[in-house]
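According to my numbering, the sequence shown is numbered sequentially starting from 212.
Worksheet: one structure, shown below.
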Amino acid sequence: MDKRTKVLAAAVEVLGAGGSRALTHRAVDAAAGMPAGSTSNYFRTRNALVTGVLEYLSEIGIAAIQELAGMPRPVDVAEFARLMAGMYTHLLEHGRLAQVARRVVFTEAAWNAELQAAIGEAGVPFQRLMADWLRSLGAADPEPDARLLMIFLDGLLADRLIHPDSGVDVESAITRFLRGLL
Numbered sequence: 212m213d214k215r216t217k218v219l220a221a222a223v224e225v226l227g228a229g230g231s232r233a234l235t236h237r238a239v240d241a242a243a244g245m246p247a248g249s250t251s252n253y254f255r256t257r258n259a260l261v262t263g264v265l266e267y268l269s270e271i272g273i274a275a276i277q278e279l280a281g282m283p284r285p286v287d288v289a290e291f292a293r294l295m296a297g298m299y300t301h302l303l304e305h306g307r308l309a310q311v312a313r314r315v316v317f318t319e320a321a322w323n324a325e326l327q328a329a330i331g332e333a334g335v336p337f338q339r340l341m342a343d344w345l346r347s348l349g350a351a352d353p354e355p356d357a358r359l360l361m362i363f364l365d366g367l368l369a370d371r372l373i374h375p376d377s378g379v380d381v382e383s384a385i386t387r388f389l390r391g392l393l
């Protein structure tokens, strides 16, 4: 892992563990085990650091989308829901801090038009894949339906981050949502 990537991974850890207020250049340097000032060599401002975190998380997300895109299209709602529930479980079990950090970045985007635009762009590949899968299941309007599905899935993820033991059966919830779309 190069030093820039090490800094970004540490920034995700800091954001995920401590929230927006915890994100400082000094905290990232410490989390990365690097000398003071290392983070500012790559990201001069806090805004640049937050933007870098978003780009880093987007790269990870694109890799996951490419993996999903390599799978056969789901043949029915149940299989679609099973795939999405599996992805959801994986995100929570193996990337909880990254998902919390993503939420923090999304919250900061409320005041930052540059982040808003970057978040919109980052979601395009996933939305295209979801639209393609919905189209294959017979969705009448797959592009806007894919956007609604993404909002729904993101809401489920947010709920689980806030309420880890919510008792919501994710696969069942996704199935019900998809049946409503189709």
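Note that CB positions come from ideal geometry on N, CA and C, so glycine has one too.
Since we're looking at a predicted model, the values are computed, not measured.
When rounded, the separation of the alpha-carbon atoms in F254 and G263 is 8 Å. Taking every protein chain shown into account, the CB of G227 has 16 or more other CB atoms within 10 angstroms, so this residue is buried. Rounded to the nearest whole angstrom, the C-alpha separation of L372 and R346 is 30 Å. The C-alpha of L234 lies about 44 Å from the C-alpha of A351.
Two segments are said to touch when three or more pairs of C-beta atoms, one from each, lie closer than 8 Å; by this definition the segment 290-306 does not touch the segment 318-326. Taken through DSSP and simplified to helix, strand or coil, V286 comes out as coil. Straight across, the Cα-Cα distance linking A220 with G306 is about 12 Å. Cβ-Cβ distances below 8 Å link L294 to L279, M282, P285 in the same chain, with the five nearest sequence neighbours on each side left out; the list follows chain order. Under a 10 Å Cβ-count criterion, V379 is classified as exposed, with fewer than 16 other Cβ atoms of the shown protein chains found around its own Cβ.
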